Amino acid sequence: ENMDTQFALSSLARALHLRPDRGTGGVWGYAGTKDKRGVTSQFITAFKMAPGRMASLNSLHWLRGVKVGNFEYCQQPLELG
């Protein structure tokens, strides 16, 4: 709640200490954006990211409102279309 897709992904990138040039462009794949005002969920893909590294984000208190889970490996990133 109170954050759109880009803000949420930027927050995850910061928490994972990703370089700014790889923050949201090269790592994340997603299909569509979510409304800032809604409480929603969204599928994303994370390129070359270990599930354990992603799961560790749930323990960060400053990432209020963002939870990650339901991990699986996939061959293709999510894209529009």
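Numbering (our numbering), first residue to last: 225 to 305. The beta-carbon is built from N, C-alpha and C at its ideal position, and this holds for glycine as well. From a predicted model like this one, the values you see are computed outputs, not experimental measurements.
Please say whether residue j and residue i have beta carbons closer to each other than 7 Å?
| i | j | result |
| --- | --- | --- |
| Val251 | Phe271 | yes |
| Ala239 | Leu304 | no |
| Leu302 | Thr269 | yes |
| Leu284 | Ser235 | no |
So residue i is in the alpha helix (DSSP H); what residue range does that whole segment cover?
| i | result |
| --- | --- |
| Gly293 | Gly293 -> no alpha helix (DSSP H), and no H or E assigned at all. |
| Ser283 | From DSSP, Ser283 is part of no alpha helix (DSSP H); its letter is neither H nor E. |
May I ask which residues mark the beginning and end of the beta strand (DSSP E) holding residue i?
| i | result |
| --- | --- |
| Thr270 | Sequence inspection shows Ala at residue 270; the Thr mentioned does not correspond to that position. Ala270 -> beta strand (DSSP E) spans 268-270. |
| Gly253 | 252-254 |
With a cut-off of 8 Å on the beta carbons, I'd call residue i and residue j a contact; round off their distance for me.
| i | j | result |
| --- | --- | --- |
| Lys260 | Asn226 | 6 Å |
Could you check if residue i is buried or exposed, using at least 16 other CB atoms within 10 Å of its CB as the buried criterion?
| i | result |
| --- | --- |
| Ala237 | buried |
Counting beta carbon pairs with one atom in the stretch 293-304 and one in the stretch 227-245, are three or more of them shorter than 8 Å?
Touching, no, given that fewer than three Cβ pairs across the two stretches are closer than 8 Å.
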